[in-house]
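Position in the sequence shown counted from 1, then plus 470, gives you this note's numbering.
Glycine included, C-beta positions come from ideal geometry on N, C-alpha and C.
No experiment lies behind these values; they were computed from the predicted model shown.
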Amino acid sequence: MSAKESLGYYEPKKHKPWFDEGCSKLLDQRKQAKLQWIQDPSKLNGDNLNNIRCETSRHIRKKKREYLKGKIDELAMNSKNKNIRDLYRGINDFKRGYQPSSNLVKDENGDLLADSHNILNRQRKYFSQLLNVHRVSDVRQTEIDTAEPLVPDPSPLEVESAITKLKRYISPGSDQILAKLIQAGGKILCSKIHKLINSIWNKEKLSDHGKVSTIVPVNKKGDKTDCSNYRQISLSNAYKILPNILLSRLSPYIDEIIWDHQ
């Protein structure tokens, strides 16, 4: 059974979660009452419109208060249970409020692009130039003597440690595999991943799926229409296990490789 069949898709939260069916019905009634009053501005229709307006306002205020009280109780519970991540996330949501996303992007000349196809092409071109930087050929190469001339295959313990280091709150990539699903796979999944990584290690070649990841632009600060104000993150949880193993093996040699000014 796939993750899609067992868990389904995550529905994004609305920016007005307190808005329910009752609010929608009252707004429709208010709209109809206003149309009746416009067509026949009698005292009866005017009084009916005012009554529905007052009822709609009371209901919406009540729903807002109930929602805010629930959020405050949730923050208090997170604070009591030492759930720091959700506590600060809730506080930041209150401070920032609703942040609408920008659907416009500037091109190389500073002109705004509104068409989704042109926006995707602009972002693809920008991140392609950013990620595929040509290396300077005359940089001094440093040879590092290691204590292990023969590099062993990744061990099951290394694979298990790399899986543990996966960030649980990162969205899945094109494979739609969440990090917490991999971590919940236990020894059986860890053993299969270990065999796959050893196969890649010995062949020295990634599969076609391993070369594909989803690049997501995340706004750092400043103008949201400027591509240079975004940083890119790569989403591919399953194929981050091997880089985690490589990082763990290279970390002891960082001080020897990287100069002081870096």
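Measuring C-alpha to C-alpha distances from residue 648 to each of 699, 633, 658 and 662 identifies 633 as the nearest.
Comparing alpha-carbon positions, the option among 701, 726 and 714 lying closest to residue 601 turns out to be 701.
Counted as a single uninterrupted DSSP element, the beta strand (DSSP E) harbouring residue 687 occupies residues 684-689.
Inter-residue distance for residue 593 and residue 697 is about 7 Å (C-alpha atoms, whole angstroms).
Counting every other CB atom within 10 Å of its CB across the protein chains shown gives residue 660 a total of 16 or more, marking it as buried. Boundaries of the alpha helix (DSSP H) around residue 564: 554-566. Taking all protein chains in view, the Cβ of residue 709 is crowded by 16 or more other Cβ atoms within 10 Å, so the residue is classified as buried. Between the segment 663-675 and the segment 623-638 there are three or more C-beta pairs closer than 8 Å, enough to call the two in contact.
Residue burial annotation: residue 538 is exposed, with fewer than 16 other C-beta atoms found within 10 angstroms of its C-beta.
Scanning its chain for C-beta atoms nearer than 8 Å, with the 5 sequence neighbours on each side dropped, one finds around residue 529 the residues 492, 493 and 496, in chain order.
Contact between residue 560 and residue 583 fails: their C-beta atoms lie close to 35 Å from each other, not under 8 Å. Residue burial annotation: residue 596 is buried, with at least 16 other C-beta atoms found within 10 angstroms of its C-beta. Note on geometry: alpha-carbon atoms of residue 725 and residue 716 lie some 16 Å from one another.
The Cβ neighbour count for residue 682, taken over all protein chains shown within 10 Å, is under 16; the residue is labelled exposed.
With fewer than 16 other Cβ atoms inside 10 Å of its own Cβ, residue 722 counts as exposed.
A direct Cα-to-Cα measurement between residue 652 and residue 672 gives close to 23 Å. Between residue 488 and residue 525, the gap from beta carbon to beta carbon reaches 8 Å or more. At least 8 Å separates the beta-carbon of residue 669 from that of residue 684. Across the structure, residue 727 and residue 720 are spaced so that their CA atoms are roughly 10 Å apart. Per DSSP, residue 640 lies in no alpha helix (DSSP H) segment and is marked neither H nor E. In this structure residue 692 is exposed. Its beta-carbon is surrounded by fewer than 16 other beta-carbon atoms within 10 angstroms. Listed in chain order, the alpha helix (DSSP H) elements of length 4 or more contained wholly in the segment 504-555 are 513-550.
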